[in-house]
Amino acid sequence: MESALRLAPHPTRKAPRGPVCAVIMDGVGLGAGDFTDAVARAYTPTLDWLRALPSATSILAHGLAVGLPSDADMGNSEVGHNALGAGRIVDQGAKLVNRAIASGDLFRGEVWRGAIARVTASGEPLHLLGLLSDGNVHSHIDHLLALLREAARAGVRRLRVHVLLDGRDVPGRSALGYLETLEGALAELREAGCDARIASGGGRMKITMDRYEAEWAMVARGWAIHVHGEGRRFASAKAAVEAYYAELGCDDQNLPGFVIADDAGPVGPIRDGAAVLLFNFRGDRAIEISRAFDEGDTFTAFDRGRRPAVYYAGMMLYDGDLQIPRRYLVDPPAIDRTMGELLAAAGRRTLAISETHKYGHVTYFWNGNRSGAFDPALETYVEVPSSPGALEERPWMEAALITDRVVEAIAGGGHDFIRLNYANGDMVGHTGDLRSTILAVEAVDICLARLVAAIRRAEGVLLVTADHGNADQMFDRRGDGSYLPRTSHSLNRVPLTIFDPRAAGGGPRIAGVAGAGLANVAATCLELLGFQGPEGYLPSLLAPR
């Protein structure tokens, strides 16, 4: 065994008789406790009891604490689970892209130069596809603008943008502001002699940005709109958004797809000889559309019809094991020695479980952006299929089924460490429906009660935390004093509590670690399992014994 993967036993802390179980309450942060806070408004006797234990504290789950560019950046499930599994703060996609653009390395790279060469030779446009937002979760509009301007400077004469509208990581109806900024930049490029236009678009939860193969039909709709120019036609993206607002009353994330057309037809279908750059840096919702462009005749997820021969690249490598996409502009963060890898090397048995919406978070992202188990003989990964339909209509989601499996696993004694994600607070919180989000938090609380009882019986340890806030801030206050429904994450701290039946008062003492965040959780879990935190990991939150 390589020494780098060897865990040293803790001098005073011993593993419990039962398993250590880490619960990630996705999107359940610590809000203001007012009427905008669905967590505070929910009936949560179990969470209240856990928060009263001597081990209860709060930790950071956003900004610099999870490797994002600044503390103004909201955390998200992907960077949160990276930090939880890695035990260290790792520079994330937004930071890496910022750096590559600022230094010019991106534009000196082989992939960028290849894209420019393709369209220079063919005369076809350079197409840029991605989420139009400054949420800094999947993408940032500044990255798009930099790519457009640099392409024009490099001599590209035709540019087309396919905009995916956010309303999830940013205010629900903010698309028109981002479109105005983009249209201003495109107008400047046109004045300089570059034919630069928006070609198509639609809401991120309706087209293109599916994840975990939950709804390939989303990707099929996006493909038809972006590639074939098949969809409802409008003279401008602004006209499309305004029409859908008036007709449907929905927010940006749920706007149907649209195609921009003039008298000659769609202005930007993707044809042979084009180059297509997906400017999203986050991987989960970029993988399926990348496969649609990259894969040959083996692709069977949907009928692509005419498949243009294009030069396709992503902003980053979205799946390192599967090498999706084949070309990418910026190298992703390299995360080694994750908690999962160390436990496998130590011979400890692990269960990772969630429903489809967050399954990749307790597996791929927890393991440092790595697909598959480190040791299949020691690791069990369970995906509970998410039910289709509107989340606000079934806010309990699959929490009870996840809990059934975990309670069974705790009693069975076949695992040393269990990690699970309850998606409710985040996924339902994103709908902006306050009543349903309150019910979602209450559903998680009911499940926590079952886990507490199971851990008590098995003489294990339960650690409960969250990956970021969301349900804790359901409204934003406007300047005029009115309130706007909020569908994005919050900047709030998240709870962390440890229930250990062996400890006085039900929980161990917590150390005062300055700036403690999600990256401190890995060493904490390892110490609960009887190991010292490895070199390079942020310290455990447990006070010395």
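Residue numbers (this note's numbering): 1320 to 1864.
Beta carbons: idealized from backbone N, C-alpha and C, even for Gly.
Check	Outcome
Chain-order list of residues whose beta-carbon lies under 6 Å from that of residue 1876 (same chain, five-residue window excluded)	Nothing about residue 1876 can be reported from this structure: the residues present for the chain run from 1320 to 1864 only.
Any beta strand (DSSP E) of 3 or more consecutive residues that is wholly inside the stretch 1614-1645	1630-1635
Between the CA atoms of residue 1595 and residue 1539 - distance to the nearest angstrom	17 Å
Beta carbon of residue 1850 nearer than 9 Å to that of residue 1665	yes
Sequence-distant residues of its chain with Cβ nearer than 6 Å to residue 1481 (five each side left out)	1448, 1518, 1519, 1545
Nearest candidate by alpha-carbon position, reference residue 1739, set 1747, 1585, 1679	1679
Exposure label - residue 1650; buried when at least 16 CB within 10 Å	exposed
Cross-strand partners of residue 1816 (DSSP beta bridge)	1783
Completely contained alpha helix (DSSP H) runs for the stretch 1323-1373, where each covers 4 or more residues	1357-1360, 1364-1370
N-terminal and C-terminal residue of the beta strand (DSSP E) that residue 1389 is part of	From DSSP, residue 1389 is part of no beta strand (DSSP E); its letter is neither H nor E.
The alpha helix (DSSP H) enclosing residue 1843, as first and last residue numbers	1840-1847
Coarse secondary structure for residue 1698, derived from DSSP in three states	strand
Start and end residues, alpha helix (DSSP H) containing residue 1500	1494-1510
Residue span of the beta strand (DSSP E) that contains residue 1741, given as start and end	1736-1741
Runs of alpha helix (DSSP H) wholly within the stretch 1541-1625 (minimum 4 residues, chain order)	1556-1567, 1606-1613
Where residue 1362 falls, given that 16 or more other Cβ within 10 Å makes a residue buried	exposed
Assigned secondary structure, residue 1517 (DSSP; H/G/I helix, E/B strand, else coil)	strand
Residue 1410 (DSSP reduced to helix, strand or coil)	coil
Backbone secondary structure at residue 1674 - three-state DSSP	strand
Opening and closing residue of the alpha helix (DSSP H) in which residue 1659 lies	1658-1664
Nearest neighbour of residue 1414, chosen from 1793, 1763, 1387, 1860 [CA to CA]	1387
Check whether residue 1548 and residue 1597 have beta carbons under 9 Å apart	no
Simplified DSSP assignment, three categories, for residue 1376	strand
Residue 1795 - DSSP class collapsed to helix/strand/coil	strand
Boundaries of the alpha helix (DSSP H) in which residue 1865 is found, first to last residue	The first residue shown for the chain is 1320 and the last is 1864, placing residue 1865 beyond what the model contains.
Coil, strand or helix - residue 1383 by DSSP	helix
Residue 1511 classed as buried or exposed, judged by whether at least 16 other C-beta atoms fall within 10 angstroms	exposed
Cα-Cα separation between residue 1836 and residue 1647, rounded to whole angstroms	31 Å
Cβ distance (whole Å) where residue 1392 is taken to contact residue 1486 below 8 Å	Actually they are not in contact, since the Cβ atoms of residue 1392 and residue 1486 sit about 18 Å apart, beyond 8 Å.
Beta bridge counterpart(s) of residue 1829 as assigned by DSSP	1861
N- and C-terminal bounds of the beta strand (DSSP E) containing residue 1447	1445-1451
According to DSSP, residues forming a beta bridge with residue 1883	Only positions 1320 to 1864 of the chain appear in this structure, which leaves residue 1883 out of reach.
Cβ-based neighbour list, residue 1853, same chain, cut-off 7 Å, excluding 5 preceding and 5 following	1326, 1656, 1661
Beta-bridge partners of residue 1481, as assigned by DSSP	1448, 1519
Straight-line gap, residue 1550 to residue 1559 (C-alpha atoms, nearest Å)	11 Å
Between the CA atoms of residue 1455 and residue 1425 - distance to the nearest angstrom	18 Å
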